[in-house]
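Asks:
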Amino acid sequence: MMADSMITLAGNVVNASVSIRHQDPDSNIDRFRFAVNVVVMGFFSVLGLICNSLAIVTLQTDRHKMSITVLLQGLAFSDNLFLLYTLLYSTLRTTILTNDVTEWRRHLSDQIVAYVLPFGWIAQTASIWIICLVTVDRYLAICHPFTSEKHCSLARSKRLLVAIWLAAAFFNVPRFFYYHHLAFDGREDTDDGIFVAHSDATTDEAWRRYHAIYHIGLTIACHYVVPLPVVVVLNVLLVREIACARARRRLLQLGKRRAKDNIRITLNLVVVVSVFIVCEVPDLVASVLRISSINASMDPVAMCYYMSMKELLLVMCATTNFLIYCAFYAKFRNLLSRMLCKKTKRAPDYDSDFNSSMKTAHSVEYLNLKVIRQPEGGNKKDNVMAMGQSEGGKTVFAEDRT
Numbered sequence: 041m042m043a044d045s046m047i048t049l050a051g052n053v054v055n056a057s058v059s060i061r062h063q064d065p066d067s068n069i070d071r072f073r074f075a076v077n078v079v080v081m082g083f084f085s086v087l088g089l090i091c092n093s094l095a096i097v098t099l100q101t102d103r104h105k106m107s108i109t110v111l112l113q114g115l116a117f118s119d120n121l122f123l124l125y126t127l128l129y130s131t132l133r134t135t136i137l138t139n140d141v142t143e144w145r146r147h148l149s150d151q152i153v154a155y156v157l158p159f160g161w162i163a164q165t166a167s168i169w170i171i172c173l174v175t176v177d178r179y180l181a182i183c184h185p186f187t188s189e190k191h192c193s194l195a196r197s198k199r200l201l202v203a204i205w206l207a208a209a210f211f212n213v214p215r216f217f218y219y220h221h222l223a224f225d226g227r228e229d230t231d232d233g234i235f236v237a238h239s240d241a242t243t244d245e246a247w248r249r250y251h252a253i254y255h256i257g258l259t260i261a262c263h264y265v266v267p268l269p270v271v272v273v274l275n276v277l278l279v280r281e282i283a284c285a286r287a288r289r290r291l292l293q294l295g296k297r298r299a300k301d302n303i304r305i306t307l308n309l310v311v312v313v314s315v316f317i318v319c320e321v322p323d324l325v326a327s328v329l330r331i332s333s334i335n336a337s338m339d340p341v342a343m344c345y346y347m348s349m350k351e352l353l354l355v356m357c358a359t360t361n362f363l364i365y366c367a368f369y370a371k372f373r374n375l376l377s378r379m380l381c382k383k384t385k386r387a388p389d390y391d392s393d394f395n396s397s398m399k400t401a402h403s404v405e406y407l408n409l410k411v412i413r414q415p416e417g418g419n420k421k422d423n424v425m426a427m428g429q430s431e432g433g434k435t436v437f438a439e440d441r442t
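So in the working numbering the end of the sequence shown lands on 442, straight run, no missing numbers.
Written out as structure tokens, the structure is:
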């Protein structure tokens, strides 16, 4: 009897191993999609909406707004629009297409593809160019502090934000027509089934030309070829300038705390840009794969996994900025704690204007090097080096004394 039990147990183990070995891969894909697209993306999208909204409100309480403050608010707004798109396009569509797909579920999925997906492209386009604008703003403020006030004013930053959003909307208008055709006429039927943003599943020759010229060519140029090199090069220059600024700060006797705070602000933005680059590159790879011959030879299951992870990275990019601000932005932490805790005593106000700190640094170096030359026979005590002395909290030059 024991022998029969052992034989039965061995048979069960063999049957289990065979069933595992021959398990339907579609069920594994469905479970992976649900775990990543619904659970993980849904969680980070909701978290990102809360954090970005909190960042907008926190930056709004700043009494000394600068160009970078407005740009960060604009970036948070664009990220929120992208996260709303993610909740509808990735999370909701995965939920309704994972189970039994009824006619109304299919119709709802088509509506999301036709009318929500273009807004995701608008949000992504705006975020990319706002990141580029933030990098240029910091580059001018650090590397060209004396001319940054002219180019990095508060009013100009607001106008540039509006221009970026309008340009992003105008650039992506053709997608409304394409995805409407793809959803209701072309019937999106792709390898992964969920992510159809790069799909060319249509037999119409005109739409295929549109997909090749506009969706692939112009999109890659507008999203990656032009902005990414600019962001990378300026980011490298910013890192070098931060190292030089720290070295100069050790030699300065004036404005040490202010210079230190502004270096941290720029370091914060360097981290934001670095995370953006890391998260956007996989999306570029997905675009290239769609037009290359590699796409035909790739395993559809592997492509499905890759598309889900690529979308997850984009969601993480739109979510983590708030955490980066809390880690590296001293003034943001101060504003946030003051807003949340409702302190009656005013907290220290960290002036984050890098322009003023750099002007202070250059002024000190200038005063240390300038020599006032008086004509021969002049007053001997006036023929001195103008080091700049403080009288009543005001810096006075030697030639100003009479």
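Virtual Cβ for every residue (Gly too), placed ideally from N, Cα, C.
For Ser107, report the span of its alpha helix (DSSP H) as first-last.
Replies: As a first step, residue 107 is located in the sequence shown; it is residue number 67 there, counting from the start. Run containing Ser107: Ser107 to Thr126, per the alpha helix (DSSP H) assignment.
Asks: Round the Cβ separation of Ala358 and Asp119 to the nearest angstrom and send it over; I've been treating them as touching at under 8 Å.
Replies: The residue you call residue 358 lines up with position 318 of the sequence shown. The residue you call residue 119 lines up with position 79 of the sequence shown. The Cβ separation is near 4 Å, so the contact holds.
Asks: To the nearest angstrom, report how far apart His184 and Asn68 are at their CA atoms.
Replies: Taking the sequence shown and counting its residues from 1, the one referred to as residue 184 is at position 144. Taking the sequence shown and counting its residues from 1, the one referred to as residue 68 is at position 28. Looking at the two C-alpha atoms, the distance is approximately 55 Å.
Asks: In chain order, what residues of the same chain lie with their CB nearer than 7 Å to the CB of Leu200, ignoring the 5 residues before and after it?
Replies: Counting from one through the sequence shown, the residue named residue 200 turns up at place 160. Result list for Leu200: Leu173, in chain order.
Asks: If we ignore side chains and look at the alpha-carbon of each, how far apart do Pro269 and Leu157 end up?
Replies: Here residue 269 refers to the residue found at position 229 when the sequence shown is read from its first residue. Here residue 157 refers to the residue found at position 117 when the sequence shown is read from its first residue. The alpha-carbon atoms of Pro269 and Leu157 are separated by roughly 27 Å.
Asks: Thinking Asn456 and Ser348 are a contact (beta carbons under 8 Å), I'd like their distance in whole angstroms, please.
Replies: Nothing in the structure corresponds to residue 456, since the chain is present only between 41 and 442.
Asks: Around the Cβ of Ser149, are there at least 16 other Cβ atoms within 10 angstroms (buried) or fewer (exposed)?
Replies: To locate residue 149, count along the sequence shown from 1; it is residue 109. Answer is buried; the Cβ neighbour count reaches 16.
Asks: Tell me whether the beta-carbon of Phe322 lies closer than 8 Å to the beta-carbon of Ile168.
Replies: Counting from 1 along the sequence shown, the entry for residue 322 is found at position 282. Counting from 1 along the sequence shown, the entry for residue 168 is found at position 128. Note that residue 322 is Pro in the sequence shown here, rather than Phe. Cβ distance not < 8 Å, so Pro322 and Ile168 don't count as in contact.
Asks: Among the residues of its own chain, which have a CB less than 7 Å from the CB of Ile162, if the five just before and after it don't count?
Replies: Looking up residue 162 in the sequence shown gives position 122. Same-chain partners within the cutoff: Ala208, Ala209 and Asn212.
Asks: Look at the alpha carbon of Trp205 and the alpha carbon of Ile171, and state the distance between them as a whole number of angstroms.
Replies: Here residue 205 refers to the residue found at position 165 of the sequence shown. Here residue 171 refers to the residue found at position 131 of the sequence shown. Near 13 Å, if we compare the C-alpha coordinates of Ile171 and Trp205.
Asks: Quick check on DSSP: helix, strand or coil for Gln70?
Replies: On the sequence shown, position 30 is the one that residue 70 refers to. The sequence shown places Asp at residue 70, not Gln. Reduced to three states, the DSSP call for Asp70 is helix.
Asks: In or out: Arg103 buried (at least 16 other Cβ within 10 Å) or exposed?
Replies: Start at 1 with the first residue of the sequence shown, and residue 103 comes out as number 63. Per the 10 Å Cβ criterion, exposed.
Asks: Measure the C-alpha to C-alpha separation of Leu258 and Val202 and round it to an integer number of angstroms.
Replies: Residue 258 sits at position 218 when you count from the first residue of the sequence shown. Residue 202 sits at position 162 when you count from the first residue of the sequence shown. One C-alpha to the other measures close to 22 Å.
Asks: Return the residue from the list Leu132, Leu115, Met106 and Asn92 that minimises the CA-CA distance to Val80.
Replies: Within the sequence shown, the letter at position 40 stands for residue 80. When only C-alpha atoms are compared, the closest one is Leu132.
Asks: Measuring only the C-alpha atoms, how far is Met329 from Ala367?
Replies: The sequence position of residue 329 within the sequence shown is 289, counting from 1. The sequence position of residue 367 within the sequence shown is 327, counting from 1. With the sequence shown as reference, residue 329 is identified as Leu, and Met is not the correct amino acid for it. Distance between the alpha carbons of Leu329 and Ala367: 36 Å.
Asks: Using DSSP with H/G/I as helix, E/B as strand and the rest coil, what is Val236?
Replies: Stepping through the sequence shown from its first residue, residue 236 is reached at position 196. It is coil, neither helix nor strand.
Asks: Are the beta-carbon atoms belonging to Val153 and Val236 less than 8 Å from one another?
Replies: If you number the sequence shown from 1, residue 153 lands on position 113. If you number the sequence shown from 1, residue 236 lands on position 196. Yes, they are a contact pair.
Asks: With DSSP collapsed to three states, give me the class of His184.
Replies: Here residue 184 refers to the residue found at position 144 of the sequence shown. In the structure shown, His184 sits in coil (DSSP, three-state: anything other than H, G, I, E or B).
Asks: Ala370 lies in the alpha helix (DSSP H); which residues open and close that run?
Replies: Mapped onto the sequence shown, residue 370 falls at position 330. Start and end: Ala370 to Cys381.
Asks: State yes or no: is the C-beta of Val271 nearer than 7 Å to some heavy atom of the ligand SAM?
Replies: Only the bare structure without any ligand can be found here, which leaves the ligand SAM out of the picture.
Asks: When the Cα of Val271 is compared with those of Leu309, Thr360 and Tyr369, which residue comes out closest?
Replies: Within the sequence shown, the letter at position 231 stands for residue 271. Cα-wise, what sits closest to Val271 is Leu309.
Asks: Use the C-beta contact count for Phe186: other C-beta atoms within 10 angstroms, 16 or more gives buried, fewer gives exposed.
Replies: Taking the first residue of the sequence shown as position 1, residue 186 is located at position 146. Exposed, since its Cβ has fewer than 16 Cβ neighbours within 10 Å.
Asks: State the CB to CB distance for the pair Ile96 and Phe117, rounded to an integer number of angstroms; the pair is presumed to be in contact (CB under 8 Å).
Replies: Here the question's residue 96 lines up with position 56 in the sequence shown. Here the question's residue 117 lines up with position 77 in the sequence shown. Their Cβ separation, rounded to whole angstroms, is 7 Å, which keeps Ile96 and Phe117 in contact under 8 Å.
Asks: If you count every other CB in all the chains shown that lies within 10 Å of the CB of Lys371, and 16 or more means buried, which is it?
Replies: As a working mapping, residue 371 is identified with position 331 in the sequence shown. Lys371 comes out buried.
Asks: Should Thr98 and Met379 be called a contact, given that it needs their Cβ atoms to be closer than 8 Å?
Replies: Position 58 of the sequence shown, counted from the start, is the residue given in the question as residue 98. Position 339 of the sequence shown, counted from the start, is the residue given in the question as residue 379. Closer than 8 Å, so yes.
Asks: What first and last residue would you give for the alpha helix (DSSP H) that runs through Met81?
Replies: Numbered from its first residue, the sequence shown carries residue 81 at position 41. Met81 to Gln100 is the span of the alpha helix (DSSP H), which, as asked, contains Met81.
Asks: Have a look at Pro214 and Ser377 and give me their C-alpha separation to the nearest angstrom.
Replies: Within the sequence shown, the letter at position 174 stands for residue 214. Within the sequence shown, the letter at position 337 stands for residue 377. Each residue's Cα considered, the two are about 44 Å apart.
Asks: So the alpha helix (DSSP H) Ser149 belongs to, where does it begin and stop?
Replies: Walking along the sequence shown from the start, residue 149 turns up at place 109. That run of the alpha helix (DSSP H) goes Glu143 to Tyr155.
Asks: Is there at least one Cβ from chain B nearer than 8 Å to Met349's Cβ?
Replies: Protein chain content of the structure displayed is limited to a single chain, and chain B is not contained in it.
Asks: Can you grab the Cα-Cα spacing for the pair Leu180 / His255, in whole Å?
Replies: Your numbering for residue 180 matches position 140 in the sequence shown. Your numbering for residue 255 matches position 215 in the sequence shown. Using only the alpha carbons, I get a separation of about 33 Å.
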